[in-house]
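Chains as they are written, first to last, in this note's numbering: chain W, 1 to 164; chain B, 165 to 328. Yeah, the Cβ is synthetic: ideal placement off N, Cα and C, and Gly gets one too. Computed from a prediction, not measured in an experiment: that's the story for all the values here.
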DNA sequence: ACAAAATAGTGGCATATGCCAGTAAATGGA
DNA sequence: TCCATTTACTGGCATATGCCACTATTTTGT
């Protein structure tokens, strides 16, 4: 099979999803002994880093739908790794924090993650890996989304204008 | 919030998943009028390109679990875009093909996808976009997965060896 | 102060994706 | 030929993720 239909060549969306599946499988295997998935590890790391953020804040950083985040938080709360406590100053909001159990689990995951990180740098190349993360972060930037959307808008208003 | 916990800095897995969500939302919006998601568009494009591949072959190219692929094929078959016919030469296998309806739908999606592709190249930069796809394709290559796994193995056998 | 609008979450439904167990068929020896 | 193994798929269960509708609060405009 050719790498991809000529008509849909170089589709960044296709490529990024496929790579996400590949990396997900590789990282899941590495942290397998923790009993958690790499997606859950990421979520706990972000929660830990944020300290006591609201679901909205976490969703924004993760570029994730708020309700989707709520769904993914559920098993982690159910299993005692995370806690969701009402914010006394805004009774609509809840603050997401790590429990003691969650903190310990995150440390365990971190040890395994280090292996994965070293393996990635060694097999993909350090500068290449850093450049890749940088490019991906640029795509995840809300400013990129804004620019993309307004460009789509413009392209739709004046269809394929002949150059020259 | 800092870009990410210092301890989990430059996690390629986290970055690629986040970018996948972002691009997914952007591309889904662009092809929204088709009634399909960009993941489904990708799947149909791959099926079209493959001609009459088995689920196993499609799953391999997509770096996707076979049963996961089976699940995602279901709604497209149910809605008449794809067809799954038994292979007479190997009665375990089934050949996945586009229906006439699916072919027409894919053409419609392609027109929208072209807009998204032009917008991506314009906002992210052409050389940067091509380089990104190339890097992602390298990660999706089975050879990369093999190298990664064997490196993990080695790192586990001889933990952080002091250099020098 | 009050009503309209914005914000924060939750629950339901649908697709996306993975693992495991089970079925069916083909393949590879002895 | 016959059985063990491998291959192709299917179904069940769980998480991942998004959209929409709904509830509860807070904020805003007058």
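- Around the beta carbon of residue 68 of chain W, fewer than 16 other beta carbons sit within 10 angstroms, so the residue counts as exposed.
- Distances from the CA of residue 262 of chain B to each of B:201, B:216 and B:183 were compared; the closest alpha carbon is that of B:216.
- When the beta-carbon positions are compared, residue 302 of chain B and residue 308 of chain B come within less than 9 angstroms of each other.
- DSSP places residue 239 of chain B in the uninterrupted alpha helix (DSSP H) bounded by 230-242.
- Secondary structure note for residue 201 of chain B: it is in no beta strand (DSSP E), with a DSSP letter that is neither H nor E.
- Residue 43 of chain W and residue 224 of chain B have their alpha carbons spaced roughly 28 angstroms apart.
- Around the Cβ of residue 85 of chain W, a 10 Å sphere holds fewer than 16 other Cβ atoms; the residue is exposed.
- The C-alpha of residue 268 of chain B is placed about 40 angstroms away from the C-alpha of residue 29 of chain W.
- Among the residues facing chain B, residue 104 of chain W is not included, as its CB has no counterpart in that chain under 9 angstroms away.
- Those residues of the region 282-305 of chain B placed with their C-beta closer than 8 angstroms to a C-beta in chain W are 282, 283, 284, 286, 287, 288, 292, 293, 294, 295, 296, 297, 299, 300, 301, 302, 303 and 304, ordered along the chain.
- Contact residues of the region 180-203 of chain B toward chain W are 180, 181, 182, 183, 184, 185, 186, 187, 188, 189, 190, 191, 193, 194, 202 and 203 (C-beta to C-beta distance below 8 angstroms).
- In the three-state reduction of the DSSP assignment, residue 257 of chain B falls in the strand class, which pools E and B.
- The C-beta distance from residue 257 of chain B to residue 132 of chain W rounds to 36 angstroms, too long to fall under 8 angstroms, and the pair is not in contact.
- Taking 9 angstroms as the threshold, the shortest C-beta distance from residue 220 of chain B to chain W does not fall below it.
- For residue 315 of chain B, the enclosing alpha helix (DSSP H) starts and ends at 306-321.
- Distances from the alpha-carbon of residue 96 of chain W to those of W:82, W:88, W:109 and W:9 put W:82 closest.
- Bounds of the alpha helix (DSSP H) holding residue 56 of chain W are 55-62.
- About 5 angstroms separates the beta carbon of residue 315 of chain B from that of residue 122 of chain W, a gap short enough to meet the 8 angstroms contact definition.
- In the three-state DSSP reduction, residue 88 of chain W falls in the coil class, being neither helix nor strand.
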